[in-house]
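Student:
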Amino acid sequence: MKRLIKGTIMSLALTLGIGTAAFAAIAYVEGGVWDYGTTSTKVYSDYYHQSKEHTASVSAGGKIVRSGNVSKGQWAKASMSKSWYQTGYAYYNVK
């Protein structure tokens, strides 16, 4: 099972309350498309694969949200709220 883990670190601006830090990316991995990111209050992971079953999940503050197994050709989606001081992690998995 392969998966990528992306963690985010809040910027100094967020820590000081100057602005809102956000991170988002789209990656083409293992034959699919992975759209993932975090803001100060949310983390999300969306993964699409045309020909294989797959999943998406996120975690923050010791909690995990999973999409469950998703059929080929469908988006696996997972998201959750988090506190501004928590690091959000996004994952995908191809079966």
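In mature numbering (1 follows the signal peptide of the UniProt record, and there is no 0), the protein residues as written are -24 to -1, 1 to 71. Think of the CB as a built atom: it goes at the ideal place given N, C-alpha and C, for glycine as much as any other residue.
Can you name, in chain order, every residue of its own chain whose Cβ lies under 6 Å from the Cβ of residue 43, other than the five neighbours on each side?
Tutor: Mapped onto the sequence shown, residue 43 falls at position 67. Once the five neighbours on either side are set aside, the close Cβ partners of residue 43 are 31, 32, 52, 53, 54.
Student: Specify the secondary structure class of residue 44 as computed by DSSP and reduced to three states.
Tutor: Within the sequence shown, the letter at position 68 stands for residue 44. Coil at residue 44, not helix or strand.
Student: Mapping the DSSP letters down to three states, classify residue 61 as helix, strand or coil.
Tutor: The count along the sequence shown starts at 1 and reaches residue 61 at position 85. Three-state DSSP puts residue 61 in coil, outside helix and strand.
Student: Between 63, 16, 24, -1, which lies nearest to residue 6 when the distance is taken from Cα to Cα?
Tutor: The residue you call residue 6 lines up with position 30 of the sequence shown. Residue 6 has its Cα closest to that of 24, out of 63, 16, 24, -1.
Student: Identify which residue in -3, 26, 17 has its Cα closest to the Cα of residue 10.
Tutor: Within the sequence shown, numbered from 1, the residue matching residue 10 stands at position 34. Closest option to residue 10, Cα to Cα, is 26.
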